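This report concerns only the one structure given below.
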Amino acid sequence: MKSLARRLSDRRMLRLLKQWLKAPVAEQADRGGWRYTSGKRATRGTPQGGVVSPLLAHVYMNRYLKVFRLRRLDRRYGARLVSYADDFVVLGRTGAPEVLAQTRRWFAQMGLTLNEQKTRVCDGRRESCTFLGYTFGPMHDRKDGHWYLGAAPAKRAVQRVKGRIRQILRPSNQAPWDGVVAELNSVLRGWAHYFSHGTRLMAYRAVDDYVAERTRHFLRRRHKVRTRGTRRFSADSVFGELGVFRLRRFHLGSPAHVGV
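Numbering (the numbering used here), first residue to last: 14 to 273.
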């Protein structure tokens, strides 16, 4: 609230924001009923899932971003800070342990702590790290084997989109196929547009293969096909007449799919 008061003079707006911070969070308990956290007695943090929580968290994190620049860590260590919401990485040529130690001290002064399970120092030329769904680090070219520094969709990102595909193509989904394929394509297009940088062909191929398999299984059950359905619901059929979005065509820049 002190950080907000430095920027806002409207008392009514500050009062409204304080009410947001004091809003209780309701969650279903394991044994039924509801469990409430935060509420009027809360003295720190923002309600998880709250509409304004991401903005308030960013306003508070801005204190760290400002001191990072004021202390000129970019000049002292050749460091560059890249942040998104409460997730960030510091890229530097030297002094990584010193930057991390200083960051811990600043966060402690703000009443915050780093997530030690996700915080580490690594050599970007020899180790990989994950940030915002991408894996960054050394990679090998599949054709000639030379190594390079690159980015690719992280394994967890691939697993997550597979989970969403599995949920859409669940056996209990009784929606018409037009509705099913529209929902499926919305997920696939969104994922492809986000993961449209770096080395992505292998990830696209893994998702395409999974989509073809799950779609075949889904339609085989729906139409009570006794065989495995590999001919009736082949990959060409799934990504052709059945209208499922194919990531590898997006990767190749097919005019028929990129603009859809």
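Every residue, glycine too, gets a C-beta built ideally from N, C-alpha and C. Just so you know, these numbers come straight off a predicted model, no measurement behind them.
Helix, strand or coil for residue 187, going by three-state DSSP, please let me know. Here residue 187 sits in coil by DSSP.
Cβ pair residue 163, residue 212 closer than 9 Å: In contact: residue 163 and residue 212 (Cβ atoms closer than 9 Å).
Taking only runs that begin and end inside the segment 37-107, name each unbroken alpha helix (DSSP H) of 4 or more residues, in chain order. Those alpha helix (DSSP H) runs which fall completely within the segment 37-107 and span 4+ residues are 66-83, 86-90.
Which class does residue 225 belong to by DSSP, given the choice of helix, strand or coil? Looking at residue 225 - three-state DSSP - the assignment turns out to be helix.
Please work out which residues of its chain come closer than 8 Å, Cβ to Cβ, to residue 93, disregarding the five sequence neighbours upstream and downstream, and give them in chain order. In its chain, beyond the 5 residues on either side, 87, 103, 104, 105 have a beta carbon closer than 8 Å to the beta carbon of residue 93.
According to DSSP, residue 153 sits in a beta bridge with which residue or residues? Residue 153 is bridged to 160.
Residues in the same chain with beta-carbon distance under 8 Å from residue 70, minus the five sequence neighbours each way, listed in chain order, please. For residue 70, same chain residues with a beta-carbon under 8 Å away, outside a window of 5 residues either side, are 59, 98, 99 in chain order.
Pick out whichever of 182, 256, 144 has its Cα sitting closest to the Cα of residue 235. Nearest of 182, 256, 144 to residue 235, Cα basis: 182.
Using only CA atoms, which one of 124, 34, 110, 262 lies nearest to residue 132? If we check each option's Cα against that of residue 132, 110 comes out closest.
Comparing alpha-carbon positions, which option in 77, 154, 172, 141 lies nearest residue 125? Comparing alpha carbon positions, the residue from 77, 154, 172, 141 closest to residue 125 is 77.
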